[in-house]
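Following the numbering used here, the numbering of the sequence shown begins with 30 at its first residue and continues without gaps.
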Amino acid sequence: MAKINSNYDKLAAGYLFPEIARRTSAFLETNEGVQVMRLGIGDTTEPIVPVVLDGLRQGVDKLGNAETYSGYGASEGVESLREAIATQYRNGGADVQASEIFVSDGAKSDSANIQGIFAKGNVVAVQDPAYPVYVDSNVIAGRTGDATDSGYEGLVYMPCREENGFFPEVPDGKVDLIYICSPNNPTGAVATKDQLATFVEYARKNRAVILYDSAYAAFITDPDLPRSIYELDGARECAIELNSFSKTAGFTGVRLAWTIVPHDCVAEDAEPGKLHALWTRRQNTFFNGASNVVQQGGLAVLGSEGLVQTGEQVAFYLENARIIREGLQSIGITTYGGDNAPYVWMKTPGGLSSWEFFDKLLGECHVVGTPGSGFGPSGEGFFRLSAFGHRQDVEQAIASIQTNLKL
Ligand SMILES: *Cc1c(COP(=O)(O)O)cnc(C)c1O
């Protein structure tokens with residue numbers, strides 16, 4: 030008799046975005062003709078820039094010619110793309126080799142899959158609030174107990190609150206796998222070098238591994254903030270980094286990302302090279318590589334003109350973030366993030382819960398955002414607004430909040 034993986038039954042989530050959709054359609058049913066404005070989505074909205082479209086077209090054209098046609102490639106990705114990514118890191122002062130880069134079809138899937146090369150008994154620590162996949166993938170793998178009001182049993186939550194500038198202290202006890210996302214989704218906070226150094230030191234001392242999600246690194250404009258964890262001494266020994274073309278190049282629907290497992294990276298029972306070998310084996314066994322068409326597009330992103338054009342698009346979203354941030358501040362709302370990240374993390378006014386504020390914002394202003402409590406217990410009392418949107422839509426939504434929100 031077949032039995033299911035009953036860890037799936039522990040999942041409390043699947044709850045956030047369906048619940049947002051449910052409340053939004055319920056509102057629209059009783060308020061016919063009202064136009065709802067969305068500042069809730071973590072998805073890009075602007076068209077792919079011309080030079081990257083050319084790259085994608087080149088990828089297609091190659092497939093139509095017997096001389097340039099290619100089928101399966103290396104599951105780690107085409108060499109020229111791995112080289113181009115490594116060069117980007119080295120230009121930013123991070124020591125990364127092409128052979129350490131594993132090109133993939135998404136940082137979400139990689140961040141869900143990476144735990145699979147680690148033992149079931151590892152203790153997992155996550156920032157709270159967090160991008161849900163870090164938690165859910167470990168729940169499914171059986172590294173937690175049941176969900177309670179304060180989170181999953183057995184999972185170590187590292188609160189990110191106003192008091193600590195939305196970056197956690199290192200855990201008191203010994204943990205083994207540590208998820209850090211910077212710039213952070215949902216809080217928009219960016220870890221400084223000093224803050225990251227505390228975790229690198231902790232990880233090296235405990236032979237723990239940091240899983241560092243830098244999907245929003247391209248949104249960092251402050252030159253003092255690290256774009257990669259490998260800008261820190263010692264990080265190559267203890268950190269795996271994940272990044273993606275999704276938010277930088279509008280590839281959320283195109284799909285292209287990468288994970289870096291340094292040759293030097295170790296674990297309690299893994300000497301240098303072992304983790305790299307395990308992820309190689311995992312990818313060779315389970316994955317047949319990212320699309321060759323799309324990898325050609327990725328190469329265009331990293332060309333000199335591609336960096337200029339995608340950089341302008343990132344700046345466009347950051348300008349949206351500024352409009353949101355300053356618009357909210359002008360009516361006395363406390364906000365965080367939104368300067369080196371495409372998310373503004375606002376404190377709900379009047380001590381409302383995240384969901385109470387969701388209903389109020391929808392009812393009074395017709396604006397949909399994302400309740401902070403959906404990202405973890407410490408997100409309660411906060412609310413995420415996303416800078417991904419057309420300019421006019423963002424301006425309309427903020428104007429409506431300024432005019433209609435009853436404070
Ligand atoms: C959007 C996002 C990603 C990117 O995921 P893809 O699967 O590459 O589209 C990764 N991490 C975080 C925190 C994100 O918000």
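Even glycine gets a Cβ: it sits at the ideal position worked out from N, Cα and C.
Quantities reported herein were computed from a predicted structural model and do not represent experimental measurements.
Practice task
Please determine if the stretch 128 to 148 and the stretch 305 to 317 are in contact, where contact requires at least 3 C-beta pairs separated by less than 8 Å.
Solution key: With a cut-off of 8 Å on Cβ pairs, the stretch 128 to 148 is in contact with the stretch 305 to 317, counting three or more such pairs.
Practice task
Evaluate histidine 419 with the Cβ neighbour count: other Cβ atoms within 10 Å of its Cβ, from every protein chain shown; 16 or more gives buried, anything less gives exposed.
Solution key: Counting from one through the sequence shown, the residue named residue 419 turns up at place 390. With fewer than 16 other Cβ atoms within 10 Å, it is exposed.
Handout entry: Residue environment, isoleucine 427, which counts as buried when at least 16 other CB atoms sit within 10 Å
Key = Walking along the sequence shown from the start, residue 427 turns up at place 398. By the C-beta density criterion, isoleucine 427 is buried, having at least 16 other C-beta atoms within 10 angstroms.
Practice task
Starting from cysteine 267, follow the beta strand (DSSP E) in both directions and report where the run begins and ends.
Solution key: Residue 267 sits at position 238 when you count from the first residue of the sequence shown. Unbroken run through cysteine 267 is the alpha helix (DSSP H), 264 to 267; no beta strand (DSSP E).
Problem - Per-residue DSSP class, three states only, for asparagine 235 - result: Your numbering for residue 235 matches position 206 in the sequence shown. Annotated three-state conformation of asparagine 235 is helix, per DSSP.
Practice task
May I ask you to report which of helix, strand or coil DSSP gives isoleucine 146?
Solution key: As a position in the sequence shown, residue 146 is number 117, starting the count at 1. Here isoleucine 146 sits in helix by DSSP.
Practice task
Using beta-carbon positions only, say whether leucine 261 and leucine 225 come within less than 8 Å of one another.
Solution key: The count along the sequence shown starts at 1 and reaches residue 261 at position 232. The count along the sequence shown starts at 1 and reaches residue 225 at position 196. The answer is yes: Cβ separation under 8 Å.
Practice task
Whole angstroms is fine: what's the gap from serine 99's alpha carbon to leucine 271's?
Solution key: To locate residue 99, count along the sequence shown from 1; it is residue 70. To locate residue 271, count along the sequence shown from 1; it is residue 242. Straight-line Cα distance between these residues: approximately 27 Å.
Problem - valine 238 versus glycine 380: straight-line alpha-carbon distance, rounded - result: If you number the sequence shown from 1, residue 238 lands on position 209. If you number the sequence shown from 1, residue 380 lands on position 351. Those two C-alpha atoms are separated by around 37 Å.
Handout entry: Beta-carbon proximity check, valine 322 vs leucine 85, cutoff 8 Å
Key = On the sequence shown, position 293 is the one that residue 322 refers to. On the sequence shown, position 56 is the one that residue 85 refers to. Their beta carbons are under 8 Å apart, which means valine 322 touches leucine 85 by this criterion.
Practice task
Put glycine 29 into one of helix, strand or coil per three-state DSSP.
Solution key: Outside the modelled stretch of the chain, which goes from 30 to 436, sits residue 29, for which no answer is possible.
Exercise for the section: Just confirm the distance between the C-beta atoms of isoleucine 169 and asparagine 34, as a whole number of angstroms; I'd bet it's less than 8 Å. Expected result: Translated into positions along the sequence shown, residue 169 becomes position 140. Translated into positions along the sequence shown, residue 34 becomes position 5. Confirmed, Cβ separation roughly 7 Å.
Problem - Chain-order list of residues whose beta-carbon lies under 7 Å from that of alanine 187 (same chain, five-residue window excluded) - result: For the purposes of this step, residue 187 is identified with residue 158 of the sequence shown, where counting begins at 1. Rather than alanine, the amino acid found at residue 187 in this sequence is methionine. Same-chain partners within the cutoff: Ala154, Val155, Gln156, Asp157, Pro197, Pro200.
Practice task
Report the option in Leu285, Arg284, Leu304 whose CA atom is closest to the CA atom of aspartate 293.
Solution key: On the sequence shown, residue 293 is found 264 positions in, with the first residue counted as 1. The candidate whose alpha carbon is nearest that of aspartate 293 is Leu304.
Handout entry: beta strand (DSSP E) segment containing lysine 376, residue limits
Key = Working through the sequence shown from its first residue, we reach residue 376 at position 347. Annotation for lysine 376: the continuous beta strand (DSSP E) segment containing it runs 372 to 376.
Handout entry: Buried versus exposed, by CB contacts within 10 Å (16 or more), arginine 256
Key = Locating residue 256 in the sequence shown gives position 227, where the first residue counts as 1. By the neighbour-count rule (16 or more Cβ atoms within 10 Å), arginine 256 is buried.
Problem - CA nearest to the CA of leucine 254, picked from Lys32, Ile269, Pro212 - result: Here residue 254 refers to the residue found at position 225 when the sequence shown is read from its first residue. If we check each option's Cα against that of leucine 254, Pro212 comes out closest.
Problem - Beta carbon of glutamine 342 nearer than 8 Å to that of leucine 285 - result: Sequence index remark: in the sequence shown, residue 342 carries index 313 (1-based). Sequence index remark: in the sequence shown, residue 285 carries index 256 (1-based). The Cβ atoms of glutamine 342 and leucine 285 lie no closer than 8 Å to each other.
Problem - Endpoints, beta strand (DSSP E) assigned at threonine 288 - result: Position 259 of the sequence shown, counted from the first residue, corresponds to residue 288. First-last of the beta strand (DSSP E) with threonine 288: 286 to 289.
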